[in-house]
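Colleague:
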Amino acid sequence: MSEFNGGKELSVLPRAGKLRLKRSAIRERFRRVNNAFMLGLTGLTTVVGIVPLVWILLSVFAHGAEVISIRFLTDTFKPTSLGGGGILHALVGTGILIALASLFSVPLGVLAALYVARNPNTSLGLAVRFGTGVLSGLPSVVVGLFIYTLWVSGHGYSALAGGMALAILMLPVIVRTTEEMLRLVPKSLREASLALGAPEWKTALKVWLPAAMTGVITGLMLAVARVAGETAPLLFTALGSNNLSTALDKPIASLPLTLFKYAVDPSKLRNAQAWAIALIIVMLVLLLNVSARLIATWRSKMY
16 MSEFNGGKEL
26 SVLPRAGKLR
36 LKRSAIRERF
46 RRVNNAFMLG
56 LTGLTTVVGI
66 VPLVWILLSV
76 FAHGAEVISI
86 RFLTDTFKPT
96 SLGGGGILHA
106 LVGTGILIAL
116 ASLFSVPLGV
126 LAALYVARNP
136 NTSLGLAVRF
146 GTGVLSGLPS
156 VVVGLFIYTL
166 WVSGHGYSAL
176 AGGMALAILM
186 LPVIVRTTEE
196 MLRLVPKSLR
206 EASLALGAPE
216 WKTALKVWLP
226 AAMTGVITGL
236 MLAVARVAGE
246 TAPLLFTALG
256 SNNLSTALDK
266 PIASLPLTLF
276 KYAVDPSKLR
286 NAQAWAIALI
296 IVMLVLLLNV
306 SARLIATWRS
316 KMY
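Shown next as structure tokens:
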């Protein structure tokens with residue numbers, strides 16, 4: 016009987032082992048097929064996401080590169096009968112608007128980021144986070160309408176009003192980016208300053224913030240890239256102009272406004288210039304985004 020049982024055990028065990036090996040091979044094959052399918056799916060979705068971007072870049076470059084020249088960048092507006100002129104007035108206006116928006120938004124955004132990074136779970140800290148989240152998703156045309164009601168209706172169209180509108184759009188980007196960079200700074204720096212007797216405000220401004228200064232610059236670059244192509248808020252605030260102007264209380268030109276005006280113009284020359292302006296804006300936004308990502312990557316590796 017024992018020999019029979021022993022023989023039965025010897026005959027059953029190899030069958031059970033073969034069955035387990037077969038099931039393991041099936042599971043391994045299923046995992047490989049599933050892995051290949053998911054990799055292919057993610058690759059396909061990546062291509063689908065990249066193709067429109069590449070298509071837009073190639074289209075803008077193909078239509079705009081032939082118009083861009085030194086004269087186009089250094090000349091001001093002229094009638095089409097005189098060659099159409101250039102976009103110097105729009106470049107200067109865009110620089111003034113971005114400078115004003117940065118002047119309004121950077122100090123407020125950095126101070127808000129310092130408070131939120133220092134007190135993330137307080138009522139005010141949570142309120143600031145919630146407010147910046149809502150503000151980042153607010154349509155730009157609503158911001159332009161708000162500044163129009165608040166300022167333009169009483170003081171008229173001006174570069175100052177345009178700077179206010181762009182500052183509101185830049186603020187949430189600066190707050191979020193600066194806060195994230197402040198969190199990368201080692202706590203030991205702050206603790207060492209406080210241990211030496213420095214007050215909290217001096218530690219924040221002279222120790223914590225300088226250590227995260229590249230983060231502030233990164234946030235500013237991303238914020239500028241965010242508003243570089245905004246047209247809707249400027250239609251309600253800066254209005255636009257064909258003249259080279261640096262007055263803050265007068266309407267002022269900008270690249271997005273000039274692009275919009277030239278794009279709807281029936282003249283083919285103006286349409287071609289609109290493509291050139293679009294190329295300049297796209298290259299500016301790409302340069303700012305790539306530079307900001309490189310700075311952020313370099314900064315994160317330091318800590």
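According to our numbering, the residues represented by the sequence shown are 16 to 318, in order. Glycine is no exception: its CB is placed at the ideal position from the N, C-alpha and C atoms. Quick caveat, the model's predicted, so the values are computed rather than measured.
Excluding the 5 residues flanking residue 115 on each side, which residues of the same chain have their C-beta closer than 7 Å to its C-beta?
Modeller: 174, 175 and 178
Colleague: Near residue 12, what residues of its chain come up, given a Cβ to Cβ distance below 8 Å and the 5 sequence neighbours on each side ignored?
Modeller: Past the boundaries of the shown model lies residue 12; the chain is included only from 16 to 318, so the question cannot be answered.
Colleague: Considering Cα atoms alone, identify which of 77, 45 and 266 is closest to residue 167.
Modeller: 266
Colleague: I believe residue 185 touches residue 120 by the beta-carbon criterion, under 8 Å. Please report the beta-carbon distance rounded to the nearest angstrom.
Modeller: 4 Å
Colleague: Let me know the alpha helix (DSSP H) ranges lying completely inside the region 86-111, each 4 residues or longer, listed in chain order.
Modeller: The region 86-111 contains no whole alpha helix (DSSP H) run of 4 or more residues.
Colleague: Please list the terminal residues of the continuous alpha helix (DSSP H) segment that includes residue 158.
Modeller: 155-162
Colleague: How is residue 41 classed by DSSP in three states: helix, strand or coil?
Modeller: Residue 41 falls in the helix class under three-state DSSP.
Colleague: In this structure, how does DSSP classify residue 34 when only helix, strand and coil are distinguished?
Modeller: helix
Colleague: Return yes when the Cβ of residue 252 is within less than 7 Å of the Cβ of residue 182, no when it is not.
Modeller: no
Colleague: Reducing DSSP to helix, strand and coil, say where residue 113 ends up.
Modeller: helix
Colleague: State buried or exposed for residue 170, treating a residue as buried only when at least 16 other CB atoms are found within 10 Å of its CB.
Modeller: exposed
Colleague: Does DSSP classify residue 267 as helix, strand or coil?
Modeller: strand
Colleague: Mind checking which residues open and close the alpha helix (DSSP H) that includes residue 189?
Modeller: 174-199
Colleague: Tell me the DSSP secondary structure of residue 211 in three-state form.
Modeller: Annotated three-state conformation of residue 211 is coil, per DSSP.
Colleague: In its own chain, which residues sit with a C-beta less than 7 Å from the C-beta of residue 291, not counting the 5 before and 5 after it?
Modeller: So the list reads 79, 82, 83 and 87, once near-sequence residues are dropped.
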